[in-house]
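**Q**
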Amino acid sequence: MDFGFTQEEEAFRQEIREFLRQELAPDRKERTPLEQFNPDFTRKLAERGWLGVGWPKEYGGLGRPYTQQLVYSEEMMYHRAPAGAHILAQNMVGPTLIRVGSEEHKREFLPKILKGEIVFCLGYTEPNAGTDLANCQTTALADGDEYIINGQKLFTSFAGQADYAWMTVRTDPNAPKRHRGISMFIVDMKTPGITVGKLDTMWDYPLYEVFFDNVRVPKTAVVGELNQGWHYLTTALDHERVFMGGVVAQHRRLFEDMVQYAKETHRDGKPLSEDPVIRQRLAQLAIDLEIGRLFAYRVAWLLGQGTVPFAEASMTKIFTSELERRLANTAMQILGLYGPLTEGAQAPFDGYMGWEYKFSLMQAVGGGSNEIERILIAIAGLGLPRP
Amino acid sequence: MDLDLTEEQEMLQTMARDFLTKECPKSLVRELEEDEKGYSPELWRKMAELGWMGLVLPAEYDGMEMGFLDLIILLQEMGRNILPGPFFCTVVLGSLPILSAGTEEQKKEFLPKIASGEMILTMALTEPNGRYDAAGVETKAVAQGDSFVINGTKLFVENAHIADYMICATRTTEGATPEEGITLFLVDAKSPGTKVEVIPTMGDDKLCEVVFDNVSVPLSSLLGEVDNGWSIVARTLEQATMAKCAEMVGGAEAALDMTLDYVKERVQYNRPIGSFQVVQHYCANMWTNVVTSRNILYKTAWKVGEGLPATGDVAAAKGWINEAYKFVTERAVQCHGAIGLTRDHDIGLYYRRAKAGELVFGDTDFQKEIVAQQMGL
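Line by line, the protein sequences are chains A and B.
Oh and the first sequence: position 323 is 323 in this note's numbering, straight run, nothing missing.
Position in the second sequence (from 1) plus 1000 gives the number in this note's numbering.
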């Protein structure tokens, strides 16, 4: 057993840090990396080849092992580097096309993704397909050389900026099992019949809803094989899992800010850091963050061994999302009445903690609610009988 | 990075699991809870024959020359099976400090006898003040000619009633800090003036009160240097805390396994209770606690085994595993329902030991305070 980092891993970490030091202004007031949309920054990552950090070399990637992909993700997240313009293409679209895509799709999309030229949005969720994604009701009916799409997607991140939608559609309404009738499509967002509406969230960054009204797309919109969409959806998660492991580093950054605050801020004539309650709370978070970090490395390492650690990846997601809420709550408790201030000289961290208190709701709900994840862990991982 | 057990470690794990399942059934565990000695000399002999007591000792002292992580793997299996007896105090609290701080004579005298199972050791550290830090050491030792005279009371001393020798932490000087002025002695348990009494506990784990009343020990029994003993204790405590964590993780694994078996079989409302979503959530949470505990156990034990600075890591690991083991065993009892409340059922053994384990070497609040100090708060 060896928990140390190799020289190569350490060197890569330093290289990324140096890059971020140069490219990100220290005083910028950015919030979560996942929501920030910054195509210029994305293209700078592309120049380094980092958009294909984990892709195989024959497809123009760097072919870095999973542990290095995690190092990359950790540094990006820790420094709150904008990821919105590439995250989906980098971690989901690209790797899935490499695995199952046609030669045409590979030729058309992979080079553009690597250059940071195109943006994707993720069209899975619908009004009646939330946790139950297999209940997809958006249909695509074959009509000559085309498909006609009708339906609605909901809570679609970046639909307002995206060039393409990576989306599920029902292509076989008569399939014996409903998830066997779902296909994955790539749809040009400029196609006539698509309208995008905005949904404001509690945390400033909007989500979108997308309507499809007799949208005609070529048959080449189908990713891989027809009616295999569910399979692609559920197996497209490796890179996503590794990337999400880096989220713990984002939380560590917030935590470190709070530790610093507790050291520097005096209340009742002494530093907050001398308050035993605050010491206990911060120590608990330090332990939780270490647990989260070890989880992420375990998942990355298992992937590197050729296994898909489904259960452990789900546990990581649950643990990290709930840690985020505890973290935000503790930060707000420490800030007291100053916590809810959103801006101005009196607002600690420019209102970041209060913003995070709202945004921390997101991860435990999105990407499979923690409730269903726990049930999947119990059934698929522990062999408990189906409900 | 390599997060796998080695082939040798996997073999050790399998061998230990098979051996303990066969040689230490829960009926024996229960019997030994009531037993005056609290261990089975026959089982002890068999363990010695397997080389377990000398697992991490060098070959020159009849040891197996394996590493700290190997010991962790073995202790995990012992915790999984709730092995009663003096393995922990003899090997972890006894042999490790002698190996790191003893003179060549002391090593030759003690280590081969420990390896062969002839000698049982323990450490007399804690006192009625119930502290694990240096300030808790109030028992006095005073130089008198060629010997030292010890006076004081030690409490919560594991298996002192069967120990041949105790490593006793004493205060020889009032130093500028609590860490200064502490001296360790290898005290023969039969020394005149030594009185040992087992105190009844919830875990039936044979904790003892040891009273030293003008106990005279020769200079040759000094372990390490006069007044500089605390660093030996601190190092031993780090190792022992991880060793205890290993036992606790093993226990949590067993409690989870038992619960999974039970909820798959137990039928209510015409279906196994494991098919109910609320039980599935409990089980997913229990498993998560087991996996996270194992992750932090191995990482921290690796660090300690490598000799890297690990004070904060050890505290974080114990703090986490304390709560995880309690959580898993409490949920385990809940999933078992009323049968889990009985003395006859095995799950209660784990519930009681989880609490006992939390308190040894510092409870969660204590560990978190160390974590806070380590991050500069």
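Glycine included, each C-beta is placed from N, C-alpha and C at the ideal position.
(1) Within 9 Å of any Cβ in chain A, is that where the Cβ of residue 1285/B sits?
(2) What does a CB cutoff of less than 8 Å around residue 295/A pick up in its chain, not counting 5 residues either side in sequence?
(3) Is residue 192/A near residue 139/A, with beta carbons less than 9 Å apart?
(4) Could you work out which residue in 1257/B, 1245/B, 1161/B and 1143/B is closest to residue 1387/B when comparing CA atoms only?
(5) Does the beta-carbon distance from residue 31/A to residue 74/A come in below 9 Å?
(6) In whole angstroms, what separates the C-alpha of residue 67/A from that of residue 363/A?
(7) Thinking C-beta only, is residue 1137/B closer than 9 Å to residue 1170/B?
(8) Output, in chain order, the set of chain A residues within a Cβ distance shorter than 7 Å of residue 1272/B.
(9) Kindly indicate which residue of 163/A, 145/A, 222/A and 223/A has the alpha-carbon position closest to the one of residue 196/A.
(10) Measure the alpha-carbon distance for residue 299/A versus residue 309/A and round it to whole angstroms.
(11) In chain order, which continuous runs of the alpha helix (DSSP H) of length 4 or greater are located wholly inside the region 1243-1325 of chain B?
(12) Strictly below 9 Å CB to CB, what residues from chain A border residue 1302/B?
(13) According to DSSP, which residues form a beta bridge with residue 184/A?
(14) Whose CA, out of 79/A, 219/A and 250/A, lies closest to the CA of residue 28/A?
(15) Residue 262/A versus chain B: which residues are under 9 Å apart at the beta carbon?
(16) Which one of 10/A, 9/A and 40/A has the shortest CA to CA distance from residue 24/A?
(17) Using 10 angstroms around the beta-carbon of residue 1338/B, count the other beta-carbons present and answer buried if the total reaches 16, otherwise exposed.
(18) I need the straight-line Cα distance from residue 230/A to residue 1236/B, nearest angstrom please.
(19) If you measure from the beta carbon of residue 330/A to each beta carbon in chain B, is any gap under 9 Å?
(20) Run through the region 1-44 of chain A for me and flag every whole alpha helix (DSSP H) of 4 or more residues, listed as ranges in chain order.
(21) Which of the three DSSP states, helix, strand or coil, is assigned to residue 152/A?
(22) Would residue 147/A and residue 219/A qualify as a contact pair, given that the criterion is a beta-carbon distance under 9 Å?
(23) Comparing C-alpha positions only, which one of 337/A, 209/A and 221/A sits nearest to residue 157/A?
(24) List the residues of chain B whose Cβ lies closer than 9 Å to the Cβ of residue 64/A, in chain order.
(25) List in chain order: all unbroken beta strand (DSSP E) runs of 3+ residues lying wholly within the region 57-142 of chain A.
(26) Between 1093/B, 1224/B and 1041/B, which lies nearest to residue 1102/B when the distance is taken from Cα to Cα?
(27) State yes or no: is the C-beta of residue 1092/B within less than 9 Å of the C-beta of residue 1052/B?
(28) Would you say the beta carbon of residue 1148/B comes nearer than 8 Å to a heavy atom of the ligand COA?
(29) Count the C-beta pairs between the region 1105-1125 of chain B and the region 1264-1280 of chain B that are closer than 8 Å, then say yes if the count reaches three, no if not.
(30) Name the DSSP bridge partner or partners of residue 1002/B?
(31) Can you find a C-beta in chain A that's less than 9 Å from the C-beta of residue 1319/B?
(32) For a cutoff of 9 Å on Cβ pairs, would you count residue 310/A as touching chain C?
(33) In terms of residues, what are the limits of the alpha helix (DSSP H) holding residue 365/A?
(34) Measure the beta-carbon distance from residue 1229/B to residue 1183/B and round it to whole angstroms, keeping in mind my assumption that it falls under 8 Å.
(35) So, is the C-beta of residue 67/A closer than 9 Å to a C-beta in chain B?
(36) Can residue 1067/B and residue 1111/B be called in contact, C-beta distance under 9 Å?
**A** Reading it off the structure:
(1) Yes, because at least one Cβ of chain A sits closer than 9 Å to the Cβ of residue 1285/B.
(2) Once the five neighbours on either side are set aside, the close Cβ partners of residue 295/A are 245, 248, 312, 315, 316, 319 and 320.
(3) One thing to note: residue 192/A has its Cβ no nearer than 9 Å to the Cβ of residue 139/A.
(4) There is no way to answer for residue 1387/B, as the model of chain B reaches only from 1001 to 1377.
(5) Not closer than 9 Å, so no.
(6) Our two residues, residue 67/A and residue 363/A, have alpha carbons roughly 23 Å apart in a direct line.
(7) Result yes, Cβ atoms of residue 1170/B and residue 1137/B sit closer than 9 Å.
(8) Residues of chain A passing the Cβ test: 385.
(9) Per the Cα distances, 163/A.
(10) C-alpha of residue 299/A to C-alpha of residue 309/A: approximately 6 Å in a straight line.
(11) Counting only runs of 4 or more, we get 1277-1305.
(12) Within chain A, the residues near residue 1302/B are 1, 2, 3 and 4.
(13) DSSP, once it has assigned bridges, lists 168/A as partnering residue 184/A.
(14) Of the candidates 79/A, 219/A and 250/A, 79/A places its Cα closest to the Cα of residue 28/A.
(15) The answer, in chain order, is 1377.
(16) Of the candidates 10/A, 9/A and 40/A, the residue whose Cα lies closest to the Cα of residue 24/A is 40/A.
(17) Counting Cβ neighbours within 10 Å, residue 1338/B comes out exposed, since fewer than 16 surround it.
(18) Taking the straight line joining both Cα atoms gives about 54 Å.
(19) With 9 Å as the cut-off, residue 330/A does not count as an interface residue toward chain B.
(20) As far as the region 1-44 of chain A is concerned, its whole alpha helix (DSSP H) runs of at least 4 residues are 7-23.
(21) If DSSP states are grouped into helix, strand and coil, residue 152/A belongs with the strands.
(22) Taking the C-beta atoms as reference points, residue 219/A is found nearer than 9 Å to residue 147/A.
(23) Comparing Cα positions, the closest option is 209/A.
(24) Within 9 Å Cβ-Cβ: nothing; residue 64/A doesn't reach chain B, min ~14 Å.
(25) Counting only runs of 3+ residues, the beta strand (DSSP E) found wholly inside the region 57-142 of chain A occupies 120-123, in chain order.
(26) Comparing alpha carbon positions, the residue from 1093/B, 1224/B and 1041/B closest to residue 1102/B is 1224/B.
(27) Not a contact, by the Cβ cut-off of 9 Å.
(28) The model depicted lacks the ligand COA and carries no ligand whatsoever.
(29) The way I'd put it, the region 1105-1125 of chain B doesn't touch the region 1264-1280 of chain B; fewer than three beta-carbon pairs between them come closer than 8 Å.
(30) According to DSSP, residue 1002/B shares a beta bridge with 2/A.
(31) Closer than 9 Å to some Cβ of chain A, the Cβ of residue 1319/B qualifies, so yes.
(32) Going by chain labels, chain C is absent from the structure shown, which instead holds the protein chains A and B.
(33) It spans 362-365 - the alpha helix (DSSP H) in which residue 365/A sits, taken as one unbroken run.
(34) Residue 1229/B to residue 1183/B, Cβ: 5 Å. Contact.
(35) Chain B contact via Cβ: present.
(36) Contact: no.
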